[in-house]
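Numbering (full-length UniProt numbering), first residue to last: 1 to 1043.
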């Protein structure tokens, strides 16, 4: 049996007064308090109706389980197998959790996780007190098990009163009896068992809590530290940021949109501008972080926190990244959900040549707002001059020709880099920066700084990623490092730490630090590095550079002219060495970099590669890395390559390591000639990827009509999918490709084929507002009332997203106007989102105006009032909505408008005769809740409408008590003008002055005293405002009261 630590044991006959206090208080909190909680719970959730209530709130409960607020063990108690739920089985934590989340019982502060002030005697506050002291006992099980006499009496009074208010007179007597009971030996043994059990539970809870905290933060602790360091560097850099029209445009865009793209030429200020805007969002409460890719966002996304993400070099730095494109396509649904999440903002920086690439257009990002620094948001001469002033002396700036400033798109970068360089000011740096840096690197290579130049060579070979932790860890990397040192005339046995120290010495000049090591200070600088190193050590670059470097930046001079950007020029005499490296990459499974290379767009290069492939003697199917050669070449439509690969024996039906097939790739990208070639050579037209999607789905999803036709003619199954994946018609319906959807239907596509979650083509077309497809599907027998896994119909989703034409078609075809999911009816969601036209259409068609959402009993009028949808409130009232229809907790439309501070909606409801003094189940009126939340405008409306200022809640708190407790100064002033009773006392005898004094609200104390508050009025225990403010240490209040 588990033992208490020796020094903590509580043995009969050896118990101090302080230990007795602890044990007595332990019994009160762990044995008596749960009885009170259960009394309240059974009042709120009558045992006879508990099963029904749980089912009605199942969606919310599932969400609490996902967030780990409800544990797996508690979930089994809520939904026990083979029997009904019973509250007697629920533990105290579960009961408090359900009261907290399924009722409106809350402390006046709204926060269960903070200890409420003594003046808050609401039921929610009492539950919070019990929760607090239960947690206290759990945390002190391995610590000090003593409570001194003063603390004991204070705590006992607090908890016993809470128990009495919640549980009534019977439990009050039990508290009194326990206070005076003798602790005999048998009772002591019971307490020992309690403590042992609690200790075991505490240890388990601590483990769970640690896991929960780690799970709640999307970042691991070391990742969070890295993010802090990165953002701190942003703040330092931002001190020299100059606000421009572009930065204002981007910020304004994010006010009304969740996502934006910033594009422009290298060095135009894309990243600098994006980071500045994210820092502005940080001041608004967003948790900001930089991600390397979209997948980084998906893995760090929080459901409850406001987050703002920055992704630099979206879809590649120098060349379009196939991996990034496929990653986006693979996660499109999740990405779209992120973009529609009001808690999330995303800024993507993208190079202009990437943004203009046809492959980028396939991402279908046309609806995303773009800030183009090389276009409409380009920097003016005035803005560039101001940027120059932030980094240069005025005399230096004056020496630069204005034409140079105007024509240089990378002027912001040059200014920034200049401030970190050690060289003296030279105007040629701004006029011809490439030549300037080239000369610097020449000097570095030829002087005693050879090790620094070796670092630059290594930066090129390692693709601008120097990992301090893994530097030289592998045999291949050690060979590359030693080879570079020898090429530079340096002893190759020097320690790796010494080499890294030279990277460190160039931070700010040529390099910057990353979370794991070093990289070039800017991609522009990396291009210069590549150009210079390839000029002096081309054979080293060709043979040993990272495959991605050659894929992005290598260019055969024999192909013709080349701009500087593609910096590694391969002369004719080096082509044999270059193609030998290509063979090595193929044999090593790096075919993705071979077939996605920039040079592949040139037919002459492809023909050279064909000749090379024909010489290979290895089994072509053994060359598959993460992506097979056949898949890569099919994806890009390089038919010459596909043909030679098939001739060399490539398996046309082989899945690569990521589960993709060549036919799927060709179909998704619209390469008909490749499709024909693959099918002629035995490709299975219905072979799906491992995720279950067919080639026909890929063609349908991407709008390739001729490919769809081709595949169907070649025998594709029009409905084929596997593993519960989406069928082809769903893909066309999702993206709004009307002609393809129509064609698939004409070929016999099942218009009612759903996934296991109930998503049908009609549902997804209605969601996207593709009315032409909705019409086609309905005309061909689509089930208009098919619903998804939580009961949402196509009419609901069309109403939710505000697609009126779709709503019209659906109603005309017999859609159930009153179908009700856990999220409500079509009318409910239209009212909530303010879609007046749709709400009007639904009402004219016969929708039940008072049908409530079954999870909480909210009516459409409640929804519109809550969300401030004035026009919908007016429409519903004009159409006969029950103006006083309250939800399960007694919350009326006027209450909801008052709670949320919706002044115009509240005024409209008052003018139409809403019961201005209607109370919730907990005694709160619209005026009480408006005062609690400080909604001054609504308070004014209610008072002018005749609200009764004398009504109190169930704990005896008046509107002035509530406003004082919540610090609502302007509301208090308005109430006092209405001659509210300034000396009214609550059930504990506390006045508003007493409450304000207890929580240190000095300004409110002054206002109350100016309006006749009795300065000496004590509470029921005889404590005066002066006493309570002294005891709480509120010196400013004490001074006012004494003066």
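In this text, a Cβ means the ideal position worked out from N, Cα and C, and glycines have one as well. Keep in mind the model is a prediction, meaning the values are calculated, not measured.
| Asked | Found |
| --- | --- |
| Can you tell me whether DSSP reads residue 518 as helix, strand or coil? | strand |
| On the three-state DSSP scale, how would you describe residue 1045? | A question about residue 1045 goes unanswered here, because the residues of the chain that appear run from 1 up to 1043. |
| List the endpoints of the continuous alpha helix (DSSP H) containing residue 402. | 402-407 |
| Cα separation between residue 574 and residue 647? | 28 Å |
| Helix, strand or coil for residue 283? Go by DSSP, reduced to three states. | helix |
| Within 10 Å of its beta-carbon, does residue 49 have 16 or more other beta-carbons around it, so buried, or fewer, so exposed? | exposed |
| What does the alpha-carbon distance come out to for the pair residue 9 and residue 17? | Residue confidence is low: residue 9 scores 40 on pLDDT, short of 50, so the model does not pin down where it sits. Its coordinate-derived value is still stated next. Each residue's Cα considered, the two are about 15 Å apart. |
| Just curious, the beta strand (DSSP E) that residue 70 is in, first and last residue? | Here residue 70 belongs to no beta strand (DSSP E), and DSSP marks it neither H nor E. |
| Under a Cβ-count criterion, where at least 16 other Cβ atoms within 10 Å of its own Cβ denotes burial, should residue 142 be classed as buried or exposed? | Here the model assigns residue 142 a pLDDT of 47, short of 50, so the residue's position is not dependable and the matter cannot be decided. |
| Figure out for me which residue from 300, 352, 244, 428 has the closest Cα to the Cα of residue 377. | 244 |
| Just to confirm, are residue 958 and residue 984 a CB contact at a threshold of 8 Å? | yes |
| Looking at the unbroken alpha helix (DSSP H) that takes in residue 527, where does it start and where does it end? | 523-536 |
| Which residues does DSSP pair with residue 264 in a beta bridge? | 351 |
| Using the Cα positions of residue 1020 and residue 1011, report the straight-line distance between them to the nearest angstrom. | 23 Å |
| Pull up the distance between the alpha-carbon of residue 441 and that of residue 435, whole angstroms please. | 10 Å |
| What's the gap between the Cα of residue 338 and the Cα of residue 492? | 50 Å |
| Given that a residue counts as buried once 16 or more other Cβ atoms are within 10 Å of its Cβ, and exposed if not, what is residue 881? | buried |
| To the nearest angstrom, how far is it from the Cα of residue 488 to the Cα of residue 453? | 8 Å |
| Using 8 Å as the threshold, is the region 117-134 in touch with the region 72-88, meaning 3 or more CB pairs across them? | no |
| In terms of residues, what are the limits of the beta strand (DSSP E) holding residue 568? | 568-570 |
| Identify whether residue 48 lies in helix, strand or coil by the three-state DSSP scheme. | helix |
| If we count the other Cβ atoms within 10 Å of its Cβ and call it buried at 16 or more, is residue 473 buried or exposed? | exposed |
| Quick check: residue 1126 and residue 736, are their CB atoms within less than 8 Å of each other? | Residue 1126 lies beyond the stretch modelled for the chain, which goes from 1 to 1043, so this question has no answer here. |
| On the three-state DSSP scale, how would you describe residue 824? | strand |
| Going by C-alpha to C-alpha distance, which of 54, 412, 234 sits closest to residue 373? | 412 |
| Three or more beta-carbon pairs under 8 Å between the region 819-827 and the region 796-803, yes or no? | yes |
| Going along the chain, which residues of its own chain have a beta-carbon closer than 7 Å to the beta-carbon of residue 972, five neighbours each way excluded? | 960, 963, 964, 1004, 1007 |
| I'd like the ranges of any alpha helix (DSSP H) spanning at least 4 consecutive residues and lying wholly in the region 969-1039. | 969-977, 992-998, 1002-1010, 1025-1032 |
| In the DSSP assignment, find the unbroken beta strand (DSSP E) run with residue 555 in it and report its ends. | 554-556 |
| Here's a check: name, in chain order, each residue in its chain whose Cβ is nearer than 7 Å to the Cβ of residue 840, leaving out the five neighbours to either side. | 875 |
| Per DSSP, residue 370 is paired with what? | 261 |
| So, for residue 410: in the same chain, excluding its five sequence neighbours on each side, which residues have a beta-carbon less than 8 Å away from its beta-carbon? | 265, 266, 267, 268, 433, 524 |
| Shortest alpha-carbon distance to residue 591 belongs to which of 556, 636, 558? | 636 |
| Below 7 Å CB to CB, which residues in the same chain sit around residue 32 once its five sequence neighbours on both sides are set aside? | 163, 171, 174, 175, 178 |
| From residue 1031 to residue 1000, what does the alpha carbon distance come to, in whole angstroms? | 11 Å |
| Residues in the same chain with beta-carbon distance under 8 Å from residue 123, minus the five sequence neighbours each way, listed in chain order, please. | 40, 105, 165, 166, 922, 954, 955 |
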